[in-house]
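Beneath this line is the structure, given in structure tokens, with notes to follow.
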RNA sequence: GGGUCAUUAGCUCAGUUGGUUUAGAGCGCUGCCUUGACAGGGCAGAGGUCAUUGGUUCGAAUCCAAUAUGACCCACCA
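Written as structure tokens, this is what we have:
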């Protein structure tokens, strides 16, 4: 059968993915082997594959496949996250297109639509992961709103409530007026925006005097309930105890004093709006101020907004500024750079808002999680620098607002039975709730229909923080076989952007619910950026279509492309050229295989050169394997790939195959052939985690294999004896080869023309490698001589001198120039070494080993100089 | 405002407890080669005052300090 000269990925990829699925290699069940577990960072159900996912999941697949090859019971659990805000927004938008308003349908009807949506689109991203080659255990695919997941969430909520860690509070929270829900502090992104600072003059009550304040939000004056000055500010002492009149609404408000006010900022006078600013709220509580909320839930003004009622806050800002100016209250405006909080999901400007919400007390929960990372190193971060970020957040942690005013998610299991602040119970189901409510209210006649469940759901992260446990049902059945076997998981691969949202909270939950870490190592990937260092995003349109990339370069090519430049924790500048490099590599491997496959095998003696080359490659392979293992142990995946790349491209293809290659249309001896097939198979194993499809394809081409013998479940190579002498000998020989090639190049001597080589072997180098040198450079004979050969081109390796006699004239000047240049360099080098050795303090203080090395360098350089001088003399 | 990290070849990055030839890799670049695995290839080559300035040391890309530039994280100055 003719093998095409170009590797065609698309058919192979589908074929082998189906084969792997059919033979159940991805599926894991507990057995006597050591487990290796990864839980996927569940992408949003609304998501489509982007470059970040590609990188992230390629890394997970590399780790999983390698673990599998190493004989571990590898289990990579896939799944998706219900992403309440994002998904609810999409469903709302879709309903709107169909002419249905969310508030016109019931909660249950809405949820039906949402589930319908999930059924339709929820699997898209997982299907895309298959295209990438991800070897997830699809039988275990989970979703954060699966029944057992939701039950777990409720159970945990009730438990934390009963422990006194969850409480209900009337607090200032981050309100997203577009999604109409609260957000946690972590979901608020601060963006710098150019705005205006308005200076407004308030009339002092009962006088003609005025007081000027500065604000960025003039529309909130309608909610003002005080003006605050710093008691140490002498400019304003005359205002103490007086009252001011708020413009437009003409409310009389007190002038209070507090050191919180910065004397330097603005005019040193602050307007206080307790309903719409966290600091103002604190002031309000301290000074017992009235709280006036002027906004509706969608951030339009309510009746306190007077004639602005019903208008949006930003419209009002413009209009009220105009009115204030017309009425003479506006003193001036200044350009002002301010930080505005926006919603991570909807991008809407966050409104601080007072409302009843559920909070989780973090202070105690955090302690074991902090210790595990920073003290005991039970959990290791790669790269380590993120431990600082983690520490900082954990040590300054605030209570977590876990309630969201949404429908898509786990509904808060609180049941109200009366109108009092305290008239509620928390229970896993309504029957439990009824019993508790009857007890608490002392009213045995209380019935189910009297109970109203809280309308809110919990934050999405309140379900995903349990993910490493709930995917193995470890909350509902804490003693089941899966959780006992797979937990704690081994590696977590994720982005540093969710270190607080998710990573930290999983660690907290792990210690609280299993008294054990959720994972041993966390590998933080970088952010994928484009060549101009811009973050890849939909709005910029700079994110390539993942599936198109796979079409163009093959999944293996894309995987290699992504991994080539992704040191842990460093952002990665993605460039399609890297995928091209990956594709080229795949083709190189393919052709290396094609060459070997095309050879005719005969029972003839093994050439000495082949024997030596194979021994050398074994040594080189062992040496590289040590390197690769070291890289993996430090999660330096891109270095592990590069080491493999060089082994296969340079050592295997460029050197080994060239040395053993039989003459044109001549057969190869069986011994060499068998050895090279074995070597190819070992290489394929190292390559498989990076390039699963291509390697399986070649593996199965080499020989007919039963499913048990598939590459995906082959045995990872063991580290061998690593013979250094062979590697040194080869390195020396390769320098000789390069010298001869350079001469051929310079003098334009075709490879067909055989040359002779003479050598003055001052280095006493072994002649074992002569056969290899001869084969690769078409040297007919190598003779060992004592004296300089006249009329020859020369080159030197260390202090060995090589001669290639030339029939024609030798350009003496050029030869001399070359030698002089070498001489100059070597003398310079010798000088620097001598300078060190002549320094008494160096000789006295440096370790023995270092001095010996310097002496060796000196001797080598001196020998080389002697050789060069002799050659030069012979030319004169 | 506080903090973390970076700065090495045209680009992307290694350089592990200071000493392994006068600093490496991949890509790119420049020449030449090209019927017998692969032009998605081969061979050879050019290219760096290791951000700057001081300091410690026998010895610094590596340790320390300051400066500059950039990135990220945290923080309630209207």
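In this note's numbering, the protein residues as written are 341 to 1216. We put the beta carbon where it would ideally sit given N, CA and C, even for glycine. Remember, predicted model here, so these are calculated numbers, not experimental data.
Report the residue from 737, 602, 370 and 344 whose alpha carbon sits nearest the alpha carbon of residue 705. 737
Host alpha helix (DSSP H) of residue 1171 (start-end):
1152-1178
**Item:** Chain-order list of residues whose beta-carbon lies under 8 Å from that of residue 358 (same chain, five-residue window excluded)
**Value:** none
- Under the DSSP definition of a beta bridge, which residues are partnered with residue 741? 699
In three-state DSSP terms, what is residue 1098? strand
Checklist entry - Straight-line CA distance for residue 920 to residue 834? => result 26 Å
- prompt: So which of 402, 553, 535 and 741 has the shortest CA-CA distance to residue 510?
  reply: 741
On the three-state DSSP scale, how would you describe residue 919?
helix
Taking DSSP as the reference, what is the three-state secondary structure of residue 600? coil
Under 7 Å between C-beta atoms of residue 382 and residue 420: yes
request  = Leaving aside the five residues before and after residue 1047 along the sequence, list all residues of the same chain whose C-beta is less than 7 Å from its C-beta, in chain order.
outcome  = 363
From residue 1148 to residue 1131, what distance separates their C-alpha atoms? 9 Å
Should residue 396 be labelled buried (16 or more other beta-carbon atoms within 10 Å of its own) or exposed?
buried
Next on the checklist: So, under 8 Å CB-CB, residue 863 and residue 389 are touching, yes? Tell me the CB distance rounded to an integer number of Å.
Outcome noted: About 20 Å; that fails the 8 Å criterion.
What is the residue span of the beta strand (DSSP E) that residue 550 lies within?
550-555
Worksheet item: Leaving out five residues before and five after residue 471 in sequence, what residues of the same chain have Cβ atoms less than 7 Å from its Cβ?
Response: 887, 890 and 895
key: Contact between the stretch 595-612 and the stretch 548-561 (3+ Cβ pairs under 8 Å)   = yes
Of all the alpha helix (DSSP H) runs that stay within the bounds of the stretch 956-1038, which reach a length of 4 or more residues?
977-986 and 1010-1027
Q) In angstroms, rounded to a whole number, what distance separates the CA positions of residue 855 and residue 521? A) 33 Å
Exercise for the section: Label residue 648 either buried or exposed according to how many other C-beta atoms from any shown protein chain fall within 10 Å of its C-beta, with 16 as the threshold for buried. Expected result: buried
**Report entry** Cβ-based neighbour list, residue 1289, same chain, cut-off 6 Å, excluding 5 preceding and 5 following
**Finding:** This structure gives no information on residue 1289, because the portion of the chain shown stretches from 341 to 1216.
For this session: Decide if residue 731 is buried, meaning its Cβ has at least 16 other Cβ atoms within 10 Å, or exposed.
Result: exposed
From the DSSP output, read off the bridge partner residues of residue 476. Residue 476 pairs with nothing; no bridge assigned.
Check your understanding: Which stretch, first to last residue, makes up the beta strand (DSSP E) that contains residue 583?
Key -> 583-585
Q | Element boundaries [alpha helix (DSSP H), containing residue 623] | A | 618-626
Do the stretch 489-500 and the stretch 750-759 make contact, defined as three or more Cβ pairs closer than 8 Å?
yes
- [ ] Report yes if the CB atom of residue 1134 is closer than 7 Å to the CB atom of residue 1214, and no otherwise.
- [x] no
Alpha-carbon to alpha-carbon, residue 1013 and residue 1098
32 Å
Other residues of its chain near residue 541: CB distance less than 6 Å, five sequence neighbours each side excluded
550, 552, 669 and 671
- [ ] Give every residue of the same chain whose Cβ lies closer than 8 Å to the Cβ of residue 969, excluding the five residues on either side of it in the sequence, and list them in chain order.
- [x] 1059
* **Proximity below 7 Å, CB of residue 465 to CB of residue 387** => yes
How do the stretch 573-593 and the stretch 607-622 stand: do at least 3 beta-carbon pairs fall below 8 Å, yes or no? yes
Go ahead and label residue 1226 buried or exposed: buried means 16 or more other beta carbons lie within 10 angstroms of its beta carbon, across all protein chains shown. Because residue 1226 is not part of the residues shown, which for the chain are 341 to 1216, the question remains open.
I'd like the list of long-range same chain contacts for residue 1208, defined as Cβ closer than 8 Å, with 5 residues on each side in sequence excluded. 1136, 1159, 1162, 1163 and 1166
Identify which residue in 853, 836 and 1033 has its Cα closest to the Cα of residue 865.
836
(Q) On the DSSP bridge list, what partners appear for residue 913? (A) 869
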